[in-house]
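Right, one structure below, let's go through it.
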Amino acid sequence: MTRHPFLPSLLLALLAAPALADPPAAPSEEHMKLAARYSAANRGVSFLVLHEGQRIYEDYPNFSGPRRDYKLASGTKSFSGVAAAFAIHERLLSLDEKVADTITEWQSDPLKRQITVRHLLNLTSGLEPPQGVGRFKITYQAALGARCSTRPGSRFRYGPVHFQVFGELMRRKLHPRGFDSVLAFLRKRLFEPLGIEIGSWKELEGQPVLPHGASLTARNWAKFGAWLLRGGEHQGQQLVPKALLNQLTKGSRANPAYGLTFWLNEPIDDSLRRSQPVFQSSDIMAHPLVPDDLYMAAGAGDQRLYLIPSRQLVVVRQARGQLAAVLGRRTDFTDANLIARLLHGKDAEGKTLSP
């Protein structure tokens, strides 16, 4: 008789091993309704939840609908991070290459010649807004002429100029490959494979505005989020390596709560929080009712694409009132209040709410 002396040991090891974790549960219907009502009461026009890639809830209040596309405002910025990931995969650039290697007119400037692609995408380039140009009218050429006031990597400064420089960098990189813009590149590599339809994308001087130009429906924005949660996989094909997408959620020393074009749930010190108005627009940073791994694309007027890997959740929230937000008029909406309702049935203070 053949003996298998290793079988008892194997059996003991299997018995001792921890059971496979159950898949993360979806939010309850009651909690999703609480979150949807909260969004609607604060100018919300869409609220959509995907769990494990499946649409489990959507609401279109305030005379909206699933076919209406809305401006993402600065939620547009996160497409630049993904464009960079594709470009790195295709050996067009690296995060730590000097921008001046391509934008050669910067080579004579002692600060600008130190700026890397990473500095542009995590908003630590040191570039100031161009003088005499409104923030919604900064062309690629105007951005190239912006002054660099601090050592690259040392200070976080939110604004559009970094992304318009990135647009010109990519334009020069992509031209020999037959693409006339970052948008054309993204259409071919990402939007067409995923079936994402862009409602519109604002242009200046024939080039897409990367800081705030895109308009999408909630469903199309959710497709983007679902692909990110899958780590770049689509129908069995890895469109871009997961390791490159993981780079997008790593903060900088200057601002741990901002990765490469995505906001992160990381604590920041009070001096940084007070330094710029953008930090007053969200309260997710280290909030106890918000999952540690939540990250988001965010735009003025509380446009949000939330991603929560540990719960396998993608949440889209869109709203009216972007102009009012740009002018400094805010609603009572906060990220923590929405997420706390969705996941816990509570408000941001931890109070349990009635269905």
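Going by the numbering used here, the first residue of the sequence shown is number 1468, and it counts up by one from there.
Cβ coordinates follow ideal geometry from the N, Cα and C atoms, glycine included.
This one's a predicted model, so the numbers in the text were calculated from it and none came from an experiment.
A contact is defined here as three or more CB-CB pairs under 8 Å, and the segment 1773-1785 meets this definition with respect to the segment 1673-1691.
The alpha helix (DSSP H) runs lying completely inside the segment 1535-1613 and spanning 4 residues or more are 1545-1556, 1584-1588 and 1607-1611, given in chain order. K1538 is classed as buried because its beta carbon has at least 16 other beta carbons within 10 Å across all chains shown.
Between A1767 and A1807 the beta-carbon gap is near 22 Å, outside 8 Å, which marks them as no contact. Excluding its 5 nearest sequence neighbours in each direction, Q1705 has C-beta neighbours in its own chain below 7 Å: G1699, listed in chain order. From the listed residues G1620, L1588 and V1632, the smallest Cα separation to A1609 is found for V1632. Of L1756, Q1702 and G1680, the smallest CA-CA separation from Q1789 is found for G1680. Taking 8 Å as the cut-off, the Cβ atoms of I1570 and L1611 count as close.
The beta-carbon separation of V1516 and L1780, rounded to 7 Å, stays under the 8 Å limit for a contact.
With respect to the 8 Å criterion, T1728 and K1544 are classified as neighbours on the basis of their beta carbons. Per the C-alpha coordinates, the member of L1711, Q1743 and V1757 positioned closest to L1731 is V1757.
Classified as buried, E1635 has 16 or more neighbouring CB atoms from the shown chains inside 10 Å of its CB.
H1498 and H1811 have their C-alpha atoms some 7 Å from each other. Taking 8 Å as the cut-off, the Cβ atoms of T1591 and F1623 count as close.
Between A1721 and S1621 a beta carbon distance of about 6 Å is seen, short of the 8 Å cut, so the two are scored as contacting.
In its chain, beyond the 5 residues on either side, V1676 and G1680 have a beta carbon closer than 6 Å to the beta carbon of K1669. Beta-bridge pairing by DSSP links D1526 to F1514. Non-local C-beta neighbours of E1519 in its own chain, meaning closer than 6 Å and more than five positions away in sequence, comprise Q1779, ordered along the chain. Per the DSSP secondary-structure output, H1701 pairs in a beta bridge with Q1704. Assignment of beta-bridge partners to P1675 by DSSP yields E1670. Here D1760 is near P1776, since their CB atoms are less than 8 Å apart. N1804 is the residue among N1804, P1597, A1764 and F1646 whose C-alpha sits nearest the C-alpha of A1503. Considering only S1821, I1582 and Q1574, the residue with the shortest C-alpha distance to E1564 is I1582. Nearest Cα to V1512 within the set L1588, E1525 and L1501: E1525. According to the DSSP secondary-structure assignment, M1763 is paired through a beta bridge with W1730 and Y1773. Contact check for P1627 and P1678: beta-carbon distance about 4 Å, within the 8 Å limit, so the pair qualifies. Excluding sequence positions up to five before and after A1540, its CB lies within less than 7 Å of the CB of H1679, G1766, A1767, G1768, Q1770 and Q1789, all in the same chain and listed in chain order. For R1580, the closest of N1589, F1546, T1617 and I1605 by C-alpha to C-alpha distance is T1617. In the DSSP assignment, V1781 falls within the beta strand (DSSP E) that extends over L1780 to A1786. Taking C-beta atoms as the reference points, A1815 and T1798 fail to come closer than 8 Å. For A1803, the three-state secondary structure derived from DSSP is helix. DSSP places A1681 in the strand class (E or B) of the three-state scheme.
By the criterion of a C-beta distance shorter than 7 Å, S1648 is surrounded in its chain by R1638, Q1674 and P1675, once the five residues flanking it on both sides are discounted. By the 16-neighbour rule on beta-carbons within 10 angstroms, S1738 is exposed.
For T1819, DSSP records a beta bridge to K1813.
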